[in-house]
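There are 2 protein chains.
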Amino acid sequence: MVKRVSLWNEGCPVARSLDVIGDWWSLLIIRDAFDGARRFSEFQQGLGIGKGVLASRLRDLVERGIFETCPASDGTAYREYVLTATGRGLFPVIVALRQWAEDCLFAPDEHRSSLVDKERGVSIARLEVRSVDGRALAWSDTQVRGVVTSKRKTRAPA
Amino acid sequence: MVKRVSLWNEGCPVARSLDVIGDWWSLLIIRDAFDGARRFSEFQQGLGIGKGVLASRLRDLVERGIFETCPASDGTAYREYVLTATGRGLFPVIVALRQWAEDCLFAPDEHRSSLVDKERGVSIARLEVRSVDGRALAWSDTQVRGVVTSKRKTRAPA
DNA sequence: CACTCTGGTTTCATCTTGAAACCACTTTGA
DNA sequence: TCAAAGTGGTTTCAAGATGAAACCAGAGTG
Chain B
3 MVKRVSLWNE
13 GCPVARSLDV
23 IGDWWSLLII
33 RDAFDGARRF
43 SEFQQGLGIG
53 KGVLASRLRD
63 LVERGIFETC
73 PASDGTAYRE
83 YVLTATGRGL
93 FPVIVALRQW
103 AEDCLFAPDE
113 HRSSLVDKER
123 GVSIARLEVR
133 SVDGRALAWS
143 DTQVRGVVTS
153 KRKTRAPA
Chain S
3 MVKRVSLWNE
13 GCPVARSLDV
23 IGDWWSLLII
33 RDAFDGARRF
43 SEFQQGLGIG
53 KGVLASRLRD
63 LVERGIFETC
73 PASDGTAYRE
83 YVLTATGRGL
93 FPVIVALRQW
103 AEDCLFAPDE
113 HRSSLVDKER
123 GVSIARLEVR
133 SVDGRALAWS
143 DTQVRGVVTS
153 KRKTRAPA
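Chains B and S are the protein sequences, given in the same order.
Take the first sequence: its letter number 105 is residue 107 in my numbering, and every next letter is one higher.
Take the second sequence: its letter number 96 is residue 98 in my numbering, and every next letter is one higher.
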């Protein structure tokens with residue numbers, strides 16, 4: 003295990019997500035996978051991450067079901083890391099982070115990459131939180147129900 | 003600074019987001035703020051985080067414009083930490099993490115908290131990535147444009 | 001006015017990270 | 001075919017980050 007404290011057993015889904023992908027590198031690895039990276043060396047060069055840490059993260063992410071390994075698509079004997087359905091389910095998280103940064107973290111004239119619809123070159127609409135009946139909701143319109151009161155931390159298994 | 007490596011200067015908005023809120027505790031602190039926490043002690047007790055680390059994180063997050071401090075709402079001389087507009091802009095990120103966990107990280111019968119529309123008690127719809135003309139898009143329908151080629155890391159300022 | 005609470009800072013042992021060296025196996029290329 | 005280079009790691013070690021506990025100043029309470 004990578005972390006000292008596990009949040010897995012709290013009732014909060016946000017905490018459980020962060021327990022899996024909340025460390026410093028995981029979401030960047032996943033972002034690179036969405037951008038097409040598959041091989042160990044592609045992740046390593048793309049991120050500038052240490053090999054030891056990358057090996058450890060990929061091992062964890064495979065174990066957690068975010069990535070799976072398969073034979074290399076170029077016919078060589080090497081392996082590739084590809085996102086599972088669970089991993090691909092993080093796409094909205096990545097998009098939300100991207101949109102937040104575009105709105106709040108870039109100067110108007112600053113160079114940035116952007117995400118577009120591949121077919122038509124058209125850009126992505128802003129993510130919106132809506133109720134099931136379609137009304138757009140701000141944070142202040144929402145409430146968490148059924149919170150577990152125990153917020154004490156538990157030791158991660160060795 | 004908390005981190006050894008800064009990703010701020012990469013062109014990728016995702017990297018820049020993670021540079022600000024990508025560490026182990028920040029998103030949990032922000033989640034607690036969305037859930038109503040305002041005082042130092044509320045964050046500390048809710049998270050089980052060390053006081054030193056919490057003080058450091060709150061300082062960083064204020065510096066980065068995610069939180070601001072204001073006089074306590076109960077009339078005492080203490081201060082409170084409240085989310086700025088920038089911080090509130092992270093709401094879709096939190097919702098995306100929550101939905102991903104609900105889908106992929108919980109057993110069907112497992113106890114969890116849930117997010118609902120406060121007015122009508124109705125739950126939140128699934129976030130969807132769409133093009134500006136309204137079509138729902140999967141990851142494979144999209145592409146990143148204008149990536150900066152330099153992915154080398156830079157030292158964080160001391 | 002003594003006592004407690006709040007919101008920290010400091011200190012220190014422990015854990016994690018980054019960098020580099022090293023290694024076995026695969027591929028390339030002369 | 002055989003040496004060199006590339007891939008995908010592991011090991012080692014110094015430096016940085018974390019968690020726990022002790023400590024402290026200022027605010028609130030009786």
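No residue lacks a Cβ here, since even glycine has one placed at the ideal position from N, Cα and C.
For residue i, which of the options has the nearest alpha-carbon?
i: arginine 41 (chain S); options: S:Ala79, S:Gly136, S:Val16, S:Trp141; result: S:Ala79
i: leucine 85 (chain B); options: B:Pro73, B:Phe69, B:Val97; result: B:Phe69
i: glycine 123 (chain S); options: B:Val64, B:Phe36, B:Leu139; result: B:Leu139
i: tryptophan 10 (chain B); options: S:Cys106, S:Cys72, S:Asp21, S:Gly52; result: S:Cys106
i: serine 8 (chain S); options: B:Ile51, B:Glu12, B:Ser8; result: B:Ile51
i: arginine 119 (chain S); options: B:Arg81, B:Arg137, B:Ala74; result: Per the sequence shown, the amino acid found at residue 119 (chain S) is aspartate instead of arginine. Comparing Cα positions, the closest option is B:Arg137.
i: threonine 71 (chain S); options: S:Asp62, S:Lys53, S:Arg81; result: S:Arg81
i: alanine 74 (chain B); options: B:Ser43, B:Gly67, B:Asp62; result: B:Ser43
Count the other C-beta atoms from every protein chain shown that fall within 10 angstroms of the C-beta of residue i, then say buried if there are 16 or more, exposed otherwise.
i: valine 16 (chain S); result: buried
i: aspartate 34 (chain B); result: buried
i: glutamate 104 (chain B); result: buried
i: alanine 39 (chain B); result: buried
i: arginine 18 (chain S); result: buried
i: glutamate 65 (chain B); result: exposed
i: aspartate 76 (chain B); result: exposed
i: valine 150 (chain S); result: With a pLDDT of only 49 at valine 150 (chain S), under 50, the local geometry of the prediction cannot be trusted, and the value read off the model is given with reservation. The residue is exposed, with fewer than 16 neighbouring Cβ atoms inside 10 Å.
i: cysteine 14 (chain S); result: buried
i: glutamate 112 (chain S); result: exposed
i: aspartate 21 (chain S); result: buried
i: glycine 89 (chain S); result: buried
i: glutamate 121 (chain B); result: exposed
i: glutamate 12 (chain B); result: buried
i: serine 152 (chain S); result: Residue placement at serine 152 (chain S) is poorly supported in this model, since its pLDDT is 38, which falls under 50; the coordinates still yield a value, given next. When all chains shown are included, serine 152 (chain S) counts as exposed.
Is the CB-CB distance between residue i and residue j below 8 Å?
i: arginine 114 (chain B); j: phenylalanine 108 (chain B); result: yes
i: leucine 56 (chain B); j: tyrosine 83 (chain B); result: no
i: phenylalanine 45 (chain B); j: isoleucine 31 (chain B); result: yes
i: glycine 48 (chain S); j: serine 116 (chain B); result: no
i: alanine 98 (chain S); j: alanine 87 (chain B); result: no
(message) Taking contact to mean 3 or more Cβ pairs, one atom from each stretch, closer than 8 Å, check whether the segment 87 to 97 of chain S and the segment 130 to 148 of chain B are in contact.
(response) Contact holds: three or more Cβ-Cβ distances are below 8 Å.
(request) Would you check if the segment 24 to 40 of chain B and the segment 25 to 35 of chain S touch, i.e. whether three or more CB-CB distances between them fall below 8 Å? (result) yes
(message) Closer than 8 Å between beta carbons: that is the criterion. Which residues of the segment 91 to 116 of chain S meet it against chain B?
(response) Gly91, Leu92, Phe93, Pro94, Val95, Ile96, Val97, Ala98, Leu99, Arg100, Gln101, Trp102, Ala103, Glu104, Asp105, Cys106, Leu107, Phe108, His113, Arg114, Ser115, Ser116
(request) Taking a Cβ distance cut-off of 8 Å, strictly less, list which residues of the segment 13 to 29 of chain B are near chain S, in chain order. (result) Gly13, Cys14, Pro15, Val16, Ala17, Arg18, Ser19, Leu20, Val22, Gly24, Asp25, Trp26, Leu29
(message) Three or more C-beta pairs under 8 Å: does that hold for the segment 125 to 133 of chain B against the segment 112 to 130 of chain S?
(response) yes
(request) Would you list, in chain order, the members of the segment 137 to 151 of chain B that have their beta-carbon closer than 9 Å to a beta-carbon of chain S? (result) The segment 137 to 151 of chain B vs chain S, Cβ under 9 Å: Arg137, Leu139, Ala140, Trp141, Ser142, Asp143, Thr144, Gln145, Val146, Arg147, Gly148, Val149, Val150.
(message) Beta carbons nearer than 9 Å to chain S: which residues of the segment 119 to 136 of chain B have them?
(response) The segment 119 to 136 of chain B vs chain S, Cβ under 9 Å: Asp119, Lys120, Glu121, Arg122, Gly123, Val124, Ser125, Ile126, Ala127, Arg128, Leu129, Glu130, Val131, Arg132, Ser133, Val134, Asp135, Gly136.
(request) Using a Cβ-Cβ cut-off of less than 8 Å, give me the residues of the segment 28 to 51 of chain B that come near chain S, in sequence order. (result) Leu29, Leu30, Arg33, Phe36, Asp37, Gln47, Gly48, Leu49, Gly50
(message) Counting only Cβ-Cβ distances shorter than 7 Å, please list the residues of the segment 62 to 74 of chain S near chain B, keeping chain order.
(response) Look at the segment 62 to 74 of chain S: it has no residue with a C-beta under 7 Å from a C-beta of chain B.
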